[in-house]
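Engineer: Residue numbers (my numbering): 226 to 361.
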C-alpha cells in the first residue's frame, strides 16, 4: 500500500473516531442534563412545566447524535472507497462524502434506528411519566 493512501485512510479514520467520540459525549451530556433538571425540580416546587424543559435538550441531543452517526457512516463509506483503490491510482486526499449520501439512510431515519432509539426513547418515557405523576 502506498504511503499517501495510508495517510489518507488515517485522516478519514481520525474523523470517524471524532464522530464516535462526539456521539459518546452527547449521550453523557443528555443523561447528566436530564438528571440535573430532575434534581433541581425536586428541590423546588415541582411543576410539570419545569420538568417538561428536559424534553427539549433530550430531543435536541437525539437529533444531533443521529447527525453524528450519519456523518460517521458517510465517512466509513469514504474509507471503504479509498481502501478499494488500486495501488497505482492517484490519492487525492479528498474528504468529500457528498457522493456517498445516496447510499446511506437519511439522518432522520438514522435517528430512529434501534441504536439511538434504545437510548433516547426510555429517557423521553421517563420524562413523560414524571410529568404525568407531577401533573396529578
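Glycine included, each C-beta is placed from N, C-alpha and C at the ideal position. Just so we're clear, the structure is a prediction, and the values are computed from it rather than from any experiment.
1) The alpha helix (DSSP H) spanning residue 310 covers which residue range?
2) With burial defined as no fewer than 16 other Cβ atoms inside 10 Å of the residue's Cβ, what is the status of residue 238: buried or exposed?
3) Leaving aside the five residues before and after residue 263 along the sequence, list all residues of the same chain whose C-beta is less than 8 Å from its C-beta, in chain order.
4) Between which two residues does the alpha helix (DSSP H) containing residue 259 stretch?
5) Going by alpha carbons, who is nearest to residue 228 out of 253, 313, 271, 256?
6) Hey, would you say residue 299 sits closer than 8 Å to residue 317, going by beta carbons?
7) In terms of residues, what are the limits of the alpha helix (DSSP H) holding residue 330?
8) If you draw a straight line from the C-alpha of residue 335 to the C-alpha of residue 292, how long is it?
9) How many whole angstroms separate the CB atoms of residue 286 and residue 251, which I take to be in contact at a CB cut-off of 8 Å?
10) Relative to the C-alpha of residue 289, which candidate in 345, 351, 236, 266 has its C-alpha closest?
11) Check whether the Cβ atoms of residue 271 and residue 359 lie closer than 8 Å to each other.
Structural biologist: The structure says:
1) Along the chain shown, one-based indexing puts residue 310 at 85. For residue 310, there is no enclosing alpha helix (DSSP H), since its DSSP letter is neither H nor E.
2) Looking up residue 238 in the chain shown gives position 13. It is exposed - the Cβ of residue 238 has fewer than 16 other Cβ atoms within 10 Å.
3) Here residue 263 refers to the residue found at position 38 when the chain shown is read from its first residue. Closer than 8 Å at Cβ, skipping near neighbours: 276, 279, 355.
4) The sequence position of residue 259 within the chain shown is 34, counting from 1. Start and end: 228-268.
5) What you label residue 228 is simply residue 3 of the chain shown in a count that begins at 1. Put simply, of 253, 313, 271, 256 the residue whose alpha carbon is nearest the alpha carbon of residue 228 is 313.
6) Taking the first residue of the chain shown as 1, we reach residue 299 at position 74. Taking the first residue of the chain shown as 1, we reach residue 317 at position 92. Against a cut-off of 8 Å, the Cβ pair of residue 317 and residue 299 comes out as no contact.
7) Taking the chain shown and counting its residues from 1, one reaches residue 330 at position 105. It is not in any alpha helix (DSSP H) - residue 330 carries neither H nor E in the DSSP assignment.
8) Start at 1 with the first residue of the chain shown, and residue 335 comes out as number 110. Start at 1 with the first residue of the chain shown, and residue 292 comes out as number 67. Approximately 8 Å, taken between the alpha carbons.
9) Here the question's residue 286 lines up with position 61 in the chain shown. Here the question's residue 251 lines up with position 26 in the chain shown. With a beta-carbon spacing of about 5 Å, residue 286 and residue 251 fall inside the 8 Å limit used to define contacts.
10) The residue labelled residue 289 in the question sits at position 64 within the chain shown. Looking at the Cα atoms, 345 is the closest of the given residues.
11) As a position in the chain shown, residue 271 is number 46, starting the count at 1. As a position in the chain shown, residue 359 is number 134, starting the count at 1. Taking 8 Å as the cut-off, the Cβ atoms of residue 271 and residue 359 count as close.
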